[in-house]
Every structure is written in structure tokens, then in C-alpha cells.
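**Q** The following block contains the structure, expressed as C-alpha cells.
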Amino acid sequence: MRHQSSRSSSHVLSCLLLGGSVLSLALVTACGADPADGSPVGTMTSSVSDAGGSGTGGSGTGDPTGGSGTGDPAGGSGTGDPTGTCGMSGAIVERSYSPKLFAAGADPSRDAECSGVLNPERGVFRFTDLRSLDSLSHLRGEGYTLIYGKVLIDDYRTRDIDQNLIDQLDASFAAARSAGLKVLPRFYYSTDIGVADAPLSRVLSHIDQLKPVIEANADVIAVLHPGFVGAWGEWHSSTNDLTSPASRKQIFDALLEALPSDRMTLARRPSHKLEAYGGPLTEETAFSGAPLSRVGHLNDCFLMGDDDAGTYQLPGEKEYAATDSAFTPVGGETCGPNPPRSQCGSALDELSLHHWSFINTDYHTDVVDGWRSEGCFETIACRLGYRFVVTGHASPEQVARGQSLSLRLRLFNDGYARAYNPRPVYLVLQQGEARHVVQVDADPRRWAPGAESELCLAAQVPADLPPGDYQLGLWLPDGSERLRDDPRYAIQLSSGVTWDGASGVNLLDATVRVVE
Numbered sequence: 335m336r337h338q339s340s341r342s343s344s345h346v347l348s349c350l351l352l353g354g355s356v357l358s359l360a361l362v363t364a365c366g367a368d369p370a371d372g373s374p375v376g377t378m379t380s381s382v383s384d385a386g387g388s389g390t391g392g393s394g395t396g397d398p399t400g401g402s403g404t405g406d407p408a409g410g411s412g413t414g415d416p417t418g419t420c421g422m423s424g425a426i427v428e429r430s431y432s433p434k435l436f437a438a439g440a441d442p443s444r445d446a447e448c449s450g451v452l453n454p455e456r457g458v459f460r461f462t463d464l465r466s467l468d469s470l471s472h473l474r475g476e477g478y479t480l481i482y483g484k485v486l487i488d489d490y491r492t493r494d495i496d497q498n499l500i501d502q503l504d505a506s507f508a509a510a511r512s513a514g515l516k517v518l519p520r521f522y523y524s525t526d527i528g529v530a531d532a533p534l535s536r537v538l539s540h541i542d543q544l545k546p547v548i549e550a551n552a553d554v555i556a557v558l559h560p561g562f563v564g565a566w567g568e569w570h571s572s573t574n575d576l577t578s579p580a581s582r583k584q585i586f587d588a589l590l591e592a593l594p595s596d597r598m599t600l601a602r603r604p605s606h607k608l609e610a611y612g613g614p615l616t617e618e619t620a621f622s623g624a625p626l627s628r629v630g631h632l633n634d635c636f637l638m639g640d641d642d643a644g645t646y647q648l649p650g651e652k653e654y655a656a657t658d659s660a661f662t663p664v665g666g667e668t669c670g671p672n673p674p675r676s677q678c679g680s681a682l683d684e685l686s687l688h689h690w691s692f693i694n695t696d697y698h699t700d701v702v703d704g705w706r707s708e709g710c711f712e713t714i715a716c717r718l719g720y721r722f723v724v725t726g727h728a729s730p731e732q733v734a735r736g737q738s739l740s741l742r743l744r745l746f747n748d749g750y751a752r753a754y755n756p757r758p759v760y761l762v763l764q765q766g767e768a769r770h771v772v773q774v775d776a777d778p779r780r781w782a783p784g785a786e787s788e789l790c791l792a793a794q795v796p797a798d799l800p801p802g803d804y805q806l807g808l809w810l811p812d813g814s815e816r817l818r819d820d821p822r823y824a825i826q827l828s829s830g831v832t833w834d835g836a837s838g839v840n841l842l843d844a845t846v847r848v849v850e
């Protein structure tokens with residue numbers, strides 16, 4: 335990621351780089367809502383189990399409004415839903431939808447379900463400088479939820495990080511938070527090939543010194559670029575032998591240690607990750623918190639030459655990336671026109687193959703402008719990352735207070751990739767301004783691209799819930815307490831729902847009558 339005027343030729347970069355499932359969930363929930371609470375959500379606690387696994391009956395989850403909460407030891411291990419009823423009896427209301435899906439050959443790219451949806455941690459991004467940040471207030475209006483955050487620290491090459499830099503970073507992260515954005519930060523020393531980076535000992539000490547500011551602002555860090563090494567922090571052209579396998583491993587380990595355990599970094603070449611941690615990932619090893627599961631892929635010369643300017647050089651390296659990237663964030667930028675490979679046909683195929691979540695529109699503008707003129711830019715912008723579409727749901731017409739309420743929901747991920755950071759999922763019962771929610775054991779990171787996930791969500795209706803009609807909905811807020819109630823950071827489902835932009839809740843065309 336460089337300034338536009340400082341790109342090196344692709345053949346030089348190529349030489350320099352040579353160095354060195356579908357889920358079925360049975361959810362049993364005990365609830366206790368307080369509609370008089372001033373919070374937009376009532377309090378509920380839950381005990382949940384996964385019908386596809388060993389079950390977690392009795393573990394319970396805490397109060398989503400911040401209380402302690404206790405689990406329901408009667409939650410049980412879960413037995414699945416072999417009949418497809420999701421535990422429902424009596425009259426059932428079903429809805430089925432036939433949304434436009436890219437995966438089915440349709441093109442909703444210019445429809446409101448694409449152009450009107452602005453979701454976090456995915457999509458196109460803009461270049462910014464976190465040490466000299468311009469206004470960010472206009473970016474969401476232009477379709478951005480992500481920024482790349484350059485942090486050039488060449489003035490710290492021979493000294494420790496000081497409070498001045500920490501204050502600059504805190505202010506920039508706060509500005510991103512205020513603007514409803516997330517950041518892809520990159521720290522580096524070298525501004526060109528031949529310009530010095532820093533010795534390994536200095537790099538490791540800097541990462542350790544930056545750990546507090548990274549942890550304090552992890553809520554708005556989507557993914558941390560590896561940075562630090564070589565020209566532009568792109569892990570080539572190091573003047574301090576930082577591209578050796580031993581040095582790379584130490585830097586990877588330090589970056590993962592500096593990040594909260596639920597955040598990831600990236601590898602500039604797939605072989606860098608393979609050498610450090612093995613892999614590729616599988617459904618079983620993904621999202622485990624182990625180092626292998628916390629390193630994604632960075633491609634800063636997408637579609638250049640036959641090997642993306644040296645990104646893929648070893649036998650099997652590209653195949654490793656395609657397999658591993660099914661479970662990690664992938665992003666970067668193009669670095670110059672390379673027709674026909676850089677044109678729409680190849681771009682669409684490879685973005686899908688490698689599960690891209692985000693791409694830079696500031697570089698290379700010739701490639702991006704080509705996508706616009708060929709007519710595929712809107713498709714790319716819509717499909718980057720996840721795109722969750724409701725294809726159907728079923729719920730009972732009525733339920734008695736104190737009894738179990740079930741919702742069977744089908745979601746299709748029509749994007750290129752999965753969600754990669756954890757976030758909770760809540761079942762919502764809404765009546766006017768009163769909203770009651772319960773967290774359920776569903777993990778959006780498991781909703782794979784090109785696949786439909788069927789969820790069976792069940793919540794015990796509080797015995798003191800006022801009788802009446804309640805609209806059902808889903809709420810997928812940010813996983814951090816600081817951003818949880820900011821609707822700009824909630825996931826909007828792309829169709830089959832009514833989006834409540836004030837609360838971040840996806841309201842379903844499903845109403846249940848609560849009776850005595």
C-alpha cells in the first residue's frame with residue numbers, strides 16, 4: 335500500500351518478494367425481560383446448544399445489557415430438528431423468498447439490496463494517514479465503511495514509541511469511531527526500495543509498545559496489516575533481514591500477541607503463513623483462536639502478471655491461499671493494468687476464488703476505472719465480504735407466556751467471503767417501542783459463501799410478558815461493548831427484512847401473538 339507516485343515496477347517487486355459449513359442449531363433459551371428498562375433492549379439470559387455438535391446445555395450466556403445473568407441448566411444437549419419443525423406445533427406461518435442472487439446468475443448490483451446496504455468490516459476502502467487525518471465524515475455517504483490507515487514511523491526507527499504518537503493514534507481511531515468506520519492500520523518505516531526499515535529488536539519492541547493503543551482501539555480495528563517489514567511495510571526489500579523465515583515468525587507472533595485474541599493480522603504471501611503456522615485451515619480448525627486461525631491474506635498487487643507480482647511463487651501456493659482464505663479476511667489492492675487478466679472477467683472469478691473481503695479504490699485507479707467502465711464495479715462492491723440474504727422463515731401464529739417460541743430461519747451468503755470477526759446474534763421480539771432480545775448460539779462466521787444456513791432459534795417467552803402481537807427480528811450488533819448499540823456497526827441483511835436504521839434490527843415479516 336503505497337502513495338500512487340511511488341509504485342515500483344511489477345517485475346522488480348516480483349523478484350524482491352522471492353526473498354526471505356452449513357449449521358443446524360437447536361437453541362433453548364430462558365428469558366427474563368424488563369420492558370420498563372431505559373435501555374433499548376430488555377434483559378434476557380440464555381442457555382443454548384448446537385444440534386450439530388456435543389451441545390452446551392447448562393453453560394448459559396450472560397445478560398446482553400451488561401448484567402451477570404445465569405444460564406438455564408435445563409438447556410440440554412440438543413437433538414437437532416430431524417422433522418424440520420424446529421420444535422413448533424399448532425398453526426405455523428411460513429414465508430419463502432426468491433431474492434436475486436449473484437450465485438444463481440442474477441444481478442442485483444444496482445438494486446437497493448446492494449446500493450442501499452452499508453455493512454461493517456467489508457467492501458471498498460479509502461487511503462488515509464492516521465498521523466495526519468483529514469475529515470472522515472463524508473465517507474459513509476460515499477459507500478465506505480473501511481479505511482486503510484497508514485502509520486509511517488520512520489522517525490522512530492532509532493527510538494521508542496512516545497506518548498505523542500499514542501495520542502495521535504488514539505485521536506485518529508476516535509475519529510474513525512465517530513464516523514462509523516473501521517480501520518485497516520499499517521505501521522512501517524521504509525517509504526521505498528532501498529530505504530531502511532528497522533532491526534528486528536526494534537520492531538519487536540515497537541509492537542510491544544503499541545500493544546496498549548491497539549488493544550484500547552480494537553473495536554474499530556477490522557484487521558491489522560502486518561507492516562513493519564521492508565518497503566512500504568510490504569514484507570520485501572528489508573535492509574535488516576526481516577524477511578528471513580525466523581524473523582517473520584517472531585514478528586507474526588508479536589503481532590498476534592499485541593492484538594486481542596479475537597482479532598487477526600495478514601500475511602503478504604501465503605507461504606509466509608504456511609512456514610510460520612502450517613495449514614491450510616479447515617472448518618474444524620477455523621476461528622479456534624490458534625495462530626493458524628488468526629492470519630489472513632494480503633495481496634497488494636492483485637491481478638498483475640501471472641503470479642500477482644510475486645505473491646504466488648511456490649508450487650501449490652495459490653491453491654493453499656484459495657483453501658485457507660475460505661476462513662480468513664483477504665484484502666489489498668491492484669497495482670496496474672494487466673489486460674485481460676485485470677479486466678472484469680478474471681477479476682470477478684479470482685475475487686470469488688480467494689474470498690476477498692475488502693479492496694482499495696484509491697489504487698490502482700486505472701484498474702478500478704476499468705471495472706467501472708466495463709460494468710462490474712457495482713458487483714464487486716456488493717459481493718466483497720459477506721452478503722446475507724433471507725430466503726425463508728417459519729414461526730408459530732401464537733405462543734403462550736412462559737412457553738417456548740421457535741423461529742426457523744434460512745440465510746444464504748451471496749458474498750465472496752465469510753464474516754471474519756465474531757459478533758453476537760440476538761432474536762428480537764418488538765412491540766411498538768418496546769424491544770426484547772435474547773442472544774442465541776449462532777455464529778455468522780460459520781455462514782459460508784455460496785451456501786444456505788438453516789437456523790433453528792428458540793426462546794422461552796417470559797411469563798410476565800404483556801399479551802399482544804410482537805414482530806420478530808434479528809439483531810447482529812458489533813461484538814464490542816463500546817459499539818454494540820451503534821446501528822452503523824450492526825449487520826443489515828440484504829433482503830427479506832425491513833431494516834430499522836435507528837436500532838440496527840432486521841425486522842422479519844413475522845408476527846407472533848403472545849397469549850395468556
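In this note's numbering, each residue's number is its place in the sequence shown (first place is 1) plus 334.
Beta carbons are placed, not taken as given, at the ideal position from N, Cα and C, and that holds for glycine.
Keep in mind the model is a prediction, meaning the values are calculated, not measured.
1. When the Cβ atoms of the segment 728-737 are set against those of the segment 775-786, are three or more pairs found closer than 8 angstroms?
2. Could you check if Val846 belongs to the surroundings of the ligand ADP, using beta carbon to heavy atom distance under 8 angstroms?
3. Answer with buried or exposed for Pro454, where buried requires no fewer than 16 other C-beta atoms within 10 angstroms of its C-beta.
4. Please report the distance separating the alpha-carbon of Cys635 from that of Trp569.
5. Output the distance between the C-alpha atoms of Pro756 and Leu810, rounded to the nearest integer angstrom.
6. According to the neighbour-count rule (16 or more other Cβ atoms, all chains shown, within 10 Å of its Cβ), is Gln497 buried or exposed?
7. Suppose the cutoff is 6 angstroms on Cβ atoms and the five residues either side in sequence are ignored; what does the same chain contact list for Phe461 look like?
8. For Arg493, count neighbouring Cβ atoms within 10 angstroms of its own Cβ and tell me buried if that reaches 16, exposed if not.
9. For Arg474 and Glu712, what's the separation of their Cα atoms in angstroms?
10. Check whether the Cβ atoms of Val537 and Val554 lie closer than 9 angstroms to each other.
11. Any idea what DSSP makes of Gln773, helix, strand or coil?
12. According to DSSP, Thr462 sits in a beta bridge with which residue or residues?
13. Three-state secondary structure (DSSP) at Thr713?
14. Exposed or buried, which one is Val356 when buried takes at least 16 other CB atoms within 10 Å?
15. Rounded to a whole number of angstroms, what is the C-alpha to C-alpha distance between Leu467 and Ala601?
16. Could you check which residue in Gly766, Pro758, Gln764 has the C-alpha nearest to that of Asp775?
17. What first and last residue would you give for the alpha helix (DSSP H) that runs through Gln584?
18. If we call anything under 9 angstroms between Cβ atoms a contact, is Phe459 one with Leu518?
19. Nearest CA to the CA of Gly766: which residue from Gln805, Arg675, Ala797?
20. What beta strand (DSSP E) runs, 3 residues minimum, are completely inside the segment 627-689?
21. Among all the DSSP beta bridges, which residues are the ones paired with Lys545?
22. Name, in chain order, the residues that DSSP records as bridge partners for His727.
23. Taking C-alpha atoms, which residue in Tyr760, Ser787, Arg752 lies nearest to Arg744?
24. Would Ala660 pass as a contact of His689 if the rule is Cβ separation under 9 angstroms?
25. My output table needs one value for Lys434: the three-state DSSP class, helix, strand or coil.
26. From the DSSP output, in three-state form, read off Met378 for me.
27. Would you identify the three-state DSSP class for Ser572, choosing helix, strand or coil?
28. Using a 10 Å radius around the Cβ and a threshold of 16 neighbouring Cβ atoms, would you call Gln737 buried or exposed?
29. Straight-line CA distance for Pro853 to Leu842?
30. Between Gly438 and Arg822, what straight-line distance do the alpha-carbon atoms span, to the nearest angstrom?
31. Can you tell me the Cα-Cα spacing of Asn551 and Glu428, whole angstroms?
32. Could you tell me the alpha carbon to alpha carbon distance between Arg582 and Arg628, rounded to whole angstroms?
33. I need the straight-line Cα distance from Gln543 to Cys710, nearest angstrom please.
34. With DSSP as the reference, label Gly424 as helix, strand or coil.
**A** Judging by the given coordinates:
1. no
2. Among the components of this structure there are no ligands whatsoever, and the ligand ADP is therefore not found.
3. buried
4. 13 angstroms
5. 10 angstroms
6. exposed
7. Tyr482, Asp696
8. exposed
9. 16 angstroms
10. no
11. strand
12. Gly483
13. helix
14. Confidence at Val356 is low in this model, with a pLDDT of 27, below 50, so the placement of that residue should be treated as unreliable; the coordinate-derived value is given next. Under this definition Val356 is an exposed residue.
15. 26 angstroms
16. Pro758
17. 579-592
18. yes
19. Gln805
20. 629-636, 664-668
21. BP columns for Lys545 are empty, so no partner.
22. Arg429, Leu743
23. Ser787
24. yes
25. coil
26. Confidence is the limiting factor: at Met378 the pLDDT is only 32, short of 50, which leaves the residue's position unreliable, though a coordinate-based value still follows. If DSSP states are grouped into helix, strand and coil, Met378 belongs with coil.
27. coil
28. exposed
29. Only positions 335 to 850 of the chain appear in this structure, which leaves residue 853 out of reach.
30. Checking the displayed sequence, the identity of residue 438 turns out to be Ala instead of Gly. Cα to Cα, the separation comes out at about 29 angstroms.
31. 43 angstroms
32. 15 angstroms
33. 43 angstroms
34. coil
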